[in-house]
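The opening position of the sequence shown corresponds to residue 21 in this note's numbering, with each subsequent residue numbered one higher. See structure below.
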Amino acid sequence: MTAVAPPTARRLGLPPLPRIWPVRAVDVAWVIGLNAVVIGAMWLRHGGLDEIGSVGGLQVAIGQVAGLYAAYLALLQLVLMSRSPWLDQLFGMDRLAWAHRWLGFATVWLIVIHGVFTVVGYALGDGTGVLDELWKILTTYAWVLPATIGAVLFVAIGLTSMRAVRARLSYETWFLVHLLAYAAIALGFLHQLLVGADFMHDPLARVYWTALYVVAAALILVFRFGQPIAVNLRHRFSVARVVREAPGLTSIYLAGRDLDRLPVRSGQYFTFRFLTGREWWHGHPFSLSSAPNGRWLRITVKALGDDTRRLQSIPVGTRVLVEGPYGTMTGARRSRRKVALIAGGIGIAPLRALLEALPARPGELVLVYRARAERHVIFRDEIELLARTRGVIVHYLVGRRGSPELPRDPLDADGLEWLVPDIAGRDVYVCGPIPMIERVTAALREVGVPARRIHAERFAFM
């Protein structure tokens, strides 16, 4: 095990904390809602209801509305996954990813509705068959064929996002398919702006929608490209040391320039791209497993697949591209003096960093560490040192559920109250496998911990 650096060393050159952005979740909701209202109002202003009584008019109107909101949801998806720090601060990347996923499915369905109802409406109006009308639209209407290609790309992206399909695809294939979203949105934008009924004769509508696309593109360029490029040029990260912690578990230490200027909190994670072999384009999200100290960063990697197994023997000196930091499971969310930290397996990594960084008096921090076997307990020496020097109370729960050592679930409501009698009055940080997080969160709510004081982030332990 690697010993914790002395507390005096930790106080030298500590990095600054990330900026707290003056944005509230309600502000974001208002912006999203107001834009949705404006889009609907513009459609009404352009006579969207005028033709509903005519043959095929209702179907065309449904198609128009579906197309407008499909474009809007597609832009929202870009904004949600632009990795903007203020959105991450409010919601966390795991919640943003969840919203992105379901908005994606909604976008695909709206695109399908737009195409089907528009073709059916035109066919009814012209008195022709649906297939004949479809062929006529594709071959004679400007920018419809490119928009159709964009729609097919969106459907492909939606299909590859389904869990059953995603499980069969390599990360590389999934990633390449999702890159097509940019092309799909661009094709849809040209169709919308150049031939859309709401835009051809209304300069205000064209300016409004162009502004929406520009804002989404700017967020992508700044936070997905500009900021990571600037961070890596400034700090020039590389692998400084590789330490085997346990079978299948390795800590990687990263060195760099001016790390005392890198704003990061314990509990946050970065996406790392190790510039060797096939790893250079595959981003790996890993939490810091030690508090930032201005001299190095440490991550701890569990061998879960081919990529993470290769990282177990990454050569010292390998250059690393870093994106982040991300995540909201930090001390900034803390609202009570007393804190309980509940870790499962490799989920100890970010909680180990928090255990070191959270200000507290003796007895105010409690760590509950769940592991299947003794060999899976990592950082024991470091945890014991922190327990002695900081007065942390530590409970190790080692063994399989149903075994003589653990005949029942030690993390159910009764078990948590027995381990931490005052847990209902604490902030609680939870990290581990997703089923464990869900089970512990339900138990915490059962014992009276409100949702606002339960801090869990599914990406944090990856």
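Heads up, the beta-carbon is just placed ideally off N, CA and C, and yes, glycines get one too.
In chain order, what residues of the same chain lie with their CB nearer than 6 Å to the CB of residue i, ignoring the 5 residues before and after it?
i           : result
residue 200 : 173
residue 398 : 265, 266 and 269
residue 339 : 258 and 295
residue 311 : 286, 373, 376 and 377
residue 36  : 283
residue 457 : 450 and 476
residue 465 : none
Who are the near neighbours of residue i in its chain, counting only those whose CB is closer than 7 Å to its CB and skipping five residues on each side?
i           : result
residue 93  : 123, 126, 127 and 130
residue 463 : 431, 432, 433 and 436
residue 204 : 170, 173 and 174
residue 236 : 95, 98 and 99
residue 180 : 186, 189, 194 and 197
residue 244 : 102 and 103
residue 439 : 388 and 415
residue 461 : 450, 474 and 476
Could you have a look at residue i and say whether DSSP puts it in helix, strand or coil?
i           : result
residue 261 : strand
residue 222 : coil
residue 228 : helix
residue 474 : strand
residue 188 : coil
residue 290 : strand
residue 399 : coil
residue 343 : strand
residue 266 : strand
residue 364 : strand
residue 426 : strand
residue 170 : helix
residue 89  : helix
residue 162 : coil
residue 354 : coil
residue 247 : helix
residue 480 : Caution is warranted here: a pLDDT of 44 is assigned to residue 480, below 50, making its placement in the model unreliable, and the coordinate value is therefore given only provisionally. Looking at residue 480 - three-state DSSP - the assignment turns out to be helix.
residue 330 : helix
residue 67  : coil
residue 60  : helix
residue 139 : helix
residue 442 : coil
residue 153 : helix
residue 380 : coil
residue 252 : helix
Going by beta carbon distance, what residues of the same chain come within less than 8 Å of residue i, once the five residues before and after it are set aside?
i           : result
residue 116 : 100, 101, 107 and 108
residue 453 : 364, 365, 367 and 481
residue 472 : 355
residue 467 : 433, 436, 437, 443 and 444
residue 121 : 181
Check the C-beta distance from residue i over to residue j and give it rounded, since I have them as a contact under 8 Å.
i           : j           : result
residue 296 : residue 304 : The pair is not a contact, with the Cβ atoms about 12 Å apart (cut-off 8 Å).
residue 279 : residue 318 : Incorrect: roughly 12 Å between the Cβ atoms, too far for contact.
residue 80  : residue 138 : 6 Å
residue 450 : residue 366 : Not confirmed; about 14 Å, so no contact.
residue 469 : residue 444 : 6 Å
residue 167 : residue 211 : 3 Å
residue 272 : residue 331 : 7 Å
residue 448 : residue 369 : About 17 Å separates the two Cβ atoms, so there is no contact after all.
residue 62  : residue 225 : 5 Å
residue 178 : residue 91  : Not a contact, Cβ separation roughly 16 Å.
residue 392 : residue 428 : Going by Cβ atoms, the distance from residue 392 to residue 428 rounds to 16 Å, so no, they are not a contact pair.
residue 253 : residue 293 : Rounded, the Cβ-Cβ distance is 15 Å, inconsistent with contact.
residue 77  : residue 149 : In fact, because the Cβ distance is near 19 Å, the residues do not count as touching under 8 Å.
residue 158 : residue 165 : 5 Å
With distances taken from CA atoms, which of the options is nearest residue i?
i           : options               : result
residue 414 : 373, 119 and 387      : 387
residue 396 : 449, 418 and 406      : 418
residue 234 : 284, 333 and 95       : 95
residue 73  : 186, 156 and 144      : 144
residue 344 : 355, 367, 287 and 377 : 287
residue 275 : 224, 230, 240 and 337 : 337
residue 476 : 62, 347, 244 and 365  : 347
residue 134 : 89, 166, 161 and 355  : 89
residue 372 : 45, 382 and 389       : 389
residue 55  : 69, 113 and 229       : 229
residue 49  : 71, 119 and 114       : 119
residue 403 : 385, 393, 420 and 256 : 385
residue 238 : 307, 334, 104 and 328 : 104
residue 260 : 253, 209 and 333      : 333
residue 176 : 132, 161 and 146      : 132
According to DSSP, what are the bridge partners of residue i?
i           : result
residue 275 : 258
residue 416 : 389
residue 447 : 359
residue 308 : 319
residue 421 : 426
Any beta carbon from chain C within less than 8 Å of residue i's own beta carbon?
i           : result
residue 398 : As a matter of chain content, chain C is missing from the structure shown, which is built from one protein chain.
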